[in-house]
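Asks: Sharing a structure with you now.
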Amino acid sequence: MLKNYFIEITKNAINKAIEAQELGETKENTIELVCDKPKNKDFGDFAINVSALARTAKMAPPVIAQTIVKHIKQENFTINVVAGFINFKLEKEFLNKIIVDILAKKDDYLKSDIGKGEKVNIEYVSANPTGPFHIGHGRWAALGSALANIMKYCNYSVFQEFYINDAGNQINKLGKSLEIRVRQLKGENIEMEEGLYPGDYLIDCAKRYLENNKGLSYADFAKQDMLRLQKELLEKFGTHFDLFFSELSLYQDNEVEKCMETLRQREKIYEKDGAVWFKSSDYGDDQDRVLVKTDGKNTYLTADIAYHKNKLDRGFERLINIWGADHHGYIPRMKAAIEALGYDSNKLEVILGQLVNLIQDGEQQRMGKRKKMVTLDDLVDEVGVDATRFWMLMRSSDTTIDFDIDLAKSQSDKNPVFYVQYAHARACSILRKAIENRLDIDNKTELEPLFKQEEIDNFYQNPSIMDLFENLSDESKEATKALILKLEEGKALLANAVKYRAPYMVCKYLTELANSFHHFYNFTRVLSENKKDSLMKLSLVNCFRIIMAKMLNLMGVSAPEKM
RNA sequence: GCGCUUGUAGCUCAGUUGGAUAGAGUGUUUGGCUACGAACCAAAAGGUCGGGGGUUCGAAUCCCUCCAAGCGCGCCA
11 MLKNYFIEIT KNAINKAIEA QELGETKENT IELVCDKPKN KDFGDFAINV SALARTAKMA
71 PPVIAQTIVK HIKQENFTIN VVAGFINFKL EKEFLNKIIV DILAKKDDYL KSDIGKGEKV
131 NIEYVSANPT GPFHIGHGRW AALGSALANI MKYCNYSVFQ EFYINDAGNQ INKLGKSLEI
191 RVRQLKGENI EMEEGLYPGD YLIDCAKRYL ENNKGLSYAD FAKQDMLRLQ KELLEKFGTH
251 FDLFFSELSL YQDNEVEKCM ETLRQREKIY EKDGAVWFKS SDYGDDQDRV LVKTDGKNTY
311 LTADIAYHKN KLDRGFERLI NIWGADHHGY IPRMKAAIEA LGYDSNKLEV ILGQLVNLIQ
371 DGEQQRMGKR KKMVTLDDLV DEVGVDATRF WMLMRSSDTT IDFDIDLAKS QSDKNPVFYV
431 QYAHARACSI LRKAIENRLD IDNKTELEPL FKQEEIDNFY QNPSIMDLFE NLSDESKEAT
491 KALILKLEEG KALLANAVKY RAPYMVCKYL TELANSFHHF YNFTRVLSEN KKDSLMKLSL
551 VNCFRIIMAK MLNLMGVSAP EKM
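In my numbering, each number is its position in the first sequence, counted from 1, plus 10.
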């Protein structure tokens, strides 16, 4: 990564300057260098601020910068000092090399080894199998799968998991609700009871039940039916789980009981008022929590603790949970439980996603107030997987999303996903044109294609000559340079997105990358009779296409060749 | 009352260990297609970074305080 490269160079120069006792009273380099883009493009392409050395050196920042620069050998770049900033300007050799590098590495170019093979379990969506997903589930699904993708790409060993809440009282209610729907279909005149699931989707489920109930109870049938629909939608939504983990199985396998026993042995539970309590307040929770209610049934927490123990026992070094913001109060008790069981609670990392509001016809639709809830299924049918995913991913997970259906649906410049995909399709179009027959406008005759595919492939494999900056206008030079630098930036960006668990950064980058390409396109003619020149420019277009397609792919958004 | 999140351009949002003149998109105004996709590009206008105080060479960023919005504070799941 170029930023790190310049930081290294500067760090070495500072050390040399200190050795030569040129930096006043500075004995050692204690400052952390940060490499940014200069505010003003004329200054250079990268900038490092060394003003912080003023404290120890007791010298003016410009003098410090000049002193350091004396120790930097300027190779394929030039330096320009402004105030306390050392600005690096790349020369074309540097930039050309980046393209050669991408051609060689292809879509592995962006990879970095920040994961070092760490075993990570990402648990997300984890809905009750009692009905269709709402829009919020779509956000968790998009977020979790995109995060899993980028982490895998950066060499984390990622395991994606969905926890099925199939053991609680809600399953009984689901069974009763289905029973009523079935009896209604049979012609009985009964009403849906208060507190049960009134949604129409159970009517469809009831029809399937009547067709073939496989000898299952109402509850079991409904549960399996709902889960099947959920799985189908997740698949369609580009979300893959390695395991659907059943809460019920924790009881069947005695894991809940064993987990309780461990806590008991560690003296972390006690009885009071006829219930069994977990001493979570010993580990920073506000209050102790009930594990077994006075009616003898376990709380949701009890099984969930056993579930987290199970995950840790499977050898995961890190557990990432994606939860809705309405569950934030649940974090301290889960961390407490992990500590109480003798594990390190820092292994548990919870990503809280703020909720999603739906905007339709310019008005906010409150989930609860809507007569007919808009499900994720409806949304995907209306606006498509790509737009839904991109819209869900483009915002930081701690902002509430206003999902504007009409905007997401509109296939126009208002829709960021099309802007990005359009750039990709445009690049593909150029690459296609290079090997297609051309129309001679003057004579109205067809000409041979400019290239054969083999010629182009050979050049990509062995780009012996590469100078993208020959015969370009000044504007085109700037645009070419900006595009190359933007491609290079992708690597550091992806690493950051992983580090901060923030796929939204990738979406932002995609928009910027698309913009760089459109800008380049507008100033630069790629295909011409000058074959060598065309090949070099095609290389750049191809590099753009590779990086763009890979990033879109990581987000679970398609990279269409035509639109 | 306590806790978490948020408050930046008309609107939707970036701004990640405190750094140069606070940035994008959208909207508004204007200009650009007889060669590779105009679903595009370029330019202009648009800001007391919720208010107030503090920390320092320097604050949208850190601290305090107040205001506003969303979400939590179950022997529900």
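By construction, the Cβ of each residue, glycine as well, lies at the ideal position given by its N, Cα and C atoms. Since we're looking at a predicted model, the values are computed, not measured.
#1: Work out the CA separation of R535 and S420 for me, nearest whole Å.
#2: Along the chain, where does the beta strand (DSSP E) that runs through T88 open and close?
#3: Could you pull the start and end residues of the beta strand (DSSP E) that F255 belongs to?
#4: Given this structure, state the Cα-to-Cα distance separating E498 from V508, to the nearest angstrom.
#5: Which stretch, first to last residue, makes up the beta strand (DSSP E) that contains A75?
#6: Go through its chain and collect everything with a Cβ distance to G34's Cβ below 8 Å, but skip five positions before and after it.
#7: Roughly how many angstroms separate the alpha carbons of K121 and I190, rounded to a whole number?
#8: Can you check whether the CB of C553 is closer than 8 Å to the CB of I109?
#9: Which same chain residues end up closer than 7 Å to N182 when comparing Cβ atoms and leaving out the 5 residues on each side of it in sequence?
#10: With a threshold of 8 Å on Cβ separation, who are the neighbours of G378 within its own chain once the five nearest residues in sequence on each side are excluded?
#11: Tell me, please, which residues DSSP counts as bridged to R366.
#12: One question on the structure: do R405 and Y514 come within less than 8 Å of each other, judged by their Cβ atoms?
#13: Quick check on DSSP: helix, strand or coil for G334?
#14: Per DSSP, Y280 is paired with what?
#15: Please classify N481: does DSSP put it in a helix, a strand, or coil?
#16: Could you tell me the distance, in whole angstroms, from the CA atom of G306 to the CA atom of M270?
#17: Check whether the Cβ atoms of S544 and L537 lie closer than 8 Å to each other.
#18: What's the gap between the Cα of G154 and the Cα of L358?
#19: In whole angstroms, give me the CA-to-CA distance for K126 and L329.
#20: For A137 versus G185, is the C-beta distance shorter than 8 Å?
#21: Report buried or exposed for E85, applying the criterion of at least 16 other Cβ atoms within 10 angstroms of its Cβ.
#22: With K129 as the anchor, note down where its beta strand (DSSP E) starts and where it stops.
#23: When the distance is taken between beta carbons, is T312 closer than 8 Å to V360?
#24: For the structure I just gave you, are there three or more beta carbon pairs, one from the region 140-158 and one from the region 393-402, closer than 8 Å?
#25: Straight-line CA distance for D467 to A437?
#26: Can you look up F461 in the DSSP assignment and give me helix, strand or coil?
#27: Considering only residues of the same chain and omitting the five flanking positions on each side of N425, which have a CB-CB separation below 7 Å?
#28: Relative to the C-alpha of R555, which candidate in D52, H147, P570 and E392 has its C-alpha closest?
#29: Pairing CB atoms from the region 332-342 with CB atoms from the region 251-261, are three or more of them under 8 Å?
#30: What number of angstroms, rounded off, separates the C-alpha of V395 from the C-alpha of D387?
#31: Assuming Y207 is part of the alpha helix (DSSP H), what are its boundary residues?
#32: Decide yes or no for the touch test of the region 205-219 against the region 164-177: beta carbon pairs closer than 8 Å, at least 3 of them.
#33: Hey, how far is the Cα of M476 from the Cα of N106?
#34: Nearest-angstrom Cα distance between D117 and S355?
#35: Return yes when the Cβ of T20 is within less than 8 Å of the Cβ of I10, no when it is not.
#36: Applying the 10 Å Cβ sphere with the 16-neighbour rule, what's the burial state of L523?
Replies: Quick look at the numbers:
#1: Near 31 Å, if we compare the C-alpha coordinates of R535 and S420.
#2: That run of the beta strand (DSSP E) goes F87 to V92.
#3: L253 to S256 is the extent of the beta strand (DSSP E) around F255.
#4: Approximately 17 Å between the Cα atoms of the pair.
#5: Per DSSP, A75 belongs to no beta strand (DSSP E); it is in the alpha helix (DSSP H), P71 to V79.
#6: Excluding sequence neighbours, G34 sits near T66, A67, K68 and M69.
#7: Spanning the two alpha carbons is a distance of roughly 55 Å.
#8: The criterion of a C-beta distance shorter than 8 Å is satisfied by I109 and C553.
#9: Taking C-beta separations shorter than 7 Å and ignoring five residues to either side along the sequence, the partners of N182 in its chain run A229, following chain order.
#10: Model confidence at G378 stands at a pLDDT of 42, short of 50, so the residue's coordinates are unreliable; what they give is reported in the following sentence. Once the five neighbours on either side are set aside, G378 has no close Cβ partner at all.
#11: Note on identity: in this sequence residue 366 is Val, with Arg being the wrong assignment. Partner(s): I411.
#12: Y514 is positioned such that its CB atom lies closer than 8 Å to that of R405.
#13: DSSP places G334 in strand when its eight states are reduced to three.
#14: The partner list for Y280 (beta bridge, DSSP) reads W287.
#15: Three-state DSSP puts N481 in coil, outside helix and strand.
#16: Cα to Cα, G306 sits roughly 14 Å from M270.
#17: Yes, they are a contact pair.
#18: The straight-line gap separating the alpha-carbon atoms of G154 and L358 is approximately 15 Å.
#19: Going by the C-alpha atoms only, they are around 16 Å apart.
#20: Taking 8 Å as the Cβ cut-off, A137 and G185 do not qualify as a contacting pair.
#21: The residue in question, E85, is exposed, as its Cβ has fewer than 16 Cβ neighbours within 10 Å.
#22: The continuous beta strand (DSSP E) containing K129 extends over residues K129 to E133.
#23: No, Cβ-Cβ distance for V360 and T312 is not below 8 Å.
#24: Yes, they touch.
#25: Taking the straight line joining both Cα atoms gives about 16 Å.
#26: In the three-state DSSP reduction, F461 falls in the coil class, being neither helix nor strand.
#27: Within the same chain, N425 has close Cβ partners A397, L417 and A418.
#28: The shortest Cα separation from R555 among D52, H147, P570 and E392 belongs to P570.
#29: Contact between the region 332-342 and the region 251-261 is absent, with fewer than three C-beta pairs closer than 8 Å.
#30: For the pair V395 and D387, the Cα-to-Cα distance works out to about 10 Å.
#31: Counted as a single uninterrupted DSSP element, the stretch harbouring Y207 is not any alpha helix (DSSP H), since DSSP gives it neither H nor E.
#32: No, the region 205-219 does not touch the region 164-177.
#33: Looking at the two C-alpha atoms, the distance is approximately 6 Å.
#34: For D117 and S355, the distance between alpha carbons rounds to 36 Å.
#35: With the chain represented from 11 up to 573, any question about residue 10 goes unanswered, as that position is not in the structure.
#36: Buried, because 16 or more other Cβ atoms sit within 10 Å of the Cβ of L523.
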